[in-house]
Amino acid sequence: MATNVLNQDWSDYDDKKRRGFSDTKDFACTEQWEINYLLSKIKRLYPLYPDQHILTAIATCCQTLKSPHPRKPFVECVMKRLREQ
């Protein structure tokens with residue numbers, strides 16, 4: 092599941108991160124646009140997941156994973172949490 096999300100085109104995300112001088116490899120839990128971006132990526136592939144479940148999974152991974160949050164392990168964490176709900 093995480094692979095499906097990670098294999099999508101993230102170039103617009105990377106471009107926006109570069110413009111803000113941020114590391115494109117890390118997910119910033121403090122940036123609402125990044126949370127919304129990941130939410131939309133997941134919804135595009137898994138539309139049956141309620142938004143609140145996705146947001147809860149993201150918040151849980153933000154709290155449990157050490158910062159900075161590398162994108163791949165972070166998305167894997169979120170998708171694992173969703174499967175557990």
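If you count by the numbering used here, then the sequence shown holds residues 92 to 176, one letter each, in order.
Glycine included, C-beta positions come from ideal geometry on N, C-alpha and C.
It should be emphasised that the depicted structure is a prediction, and the values quoted were computed from it without experimental measurement.
Considering residue i, what are the terminal residues of the alpha helix (DSSP H) in which it resides?
{"i": "residue 165", "result": "162 to 175"}
{"i": "residue 99", "result": "Element bounds for residue 99: n/a, residue is neither H nor E."}
{"i": "residue 146", "result": "142 to 155"}
Mapping DSSP to helix, strand and coil, what is residue i?
{"i": "residue 114", "result": "coil"}
{"i": "residue 130", "result": "helix"}
{"i": "residue 122", "result": "coil"}
{"i": "residue 136", "result": "helix"}
Taking the C-alpha atoms as reference points, what is the distance between residue i and residue j?
{"i": "residue 168", "j": "residue 144", "result": "13 Å"}
{"i": "residue 264", "j": "residue 121", "result": "Residue 264 is absent from the model: the chain starts at 92 and stops at 176."}
{"i": "residue 175", "j": "residue 141", "result": "14 Å"}
{"i": "residue 113", "j": "residue 138", "result": "29 Å"}
{"i": "residue 156", "j": "residue 170", "result": "14 Å"}
{"i": "residue 125", "j": "residue 111", "result": "12 Å"}
{"i": "residue 95", "j": "residue 103", "result": "17 Å"}
{"i": "residue 108", "j": "residue 160", "result": "14 Å"}
Are the stretch 126 to 137 and the stretch 149 to 169 touching, with three or more C-beta to C-beta distances below 8 Å? Contact annotation: the stretch 126 to 137 touches the stretch 149 to 169, with at least three C-beta pairs closer than 8 Å.
Under 8 Å: do the stretch 133 to 145 and the stretch 112 to 119 share three or more Cβ pairs, one atom per stretch? Pairwise C-beta distances place the stretch 133 to 145 out of contact with the stretch 112 to 119, as fewer than three of them are shorter than 8 Å.
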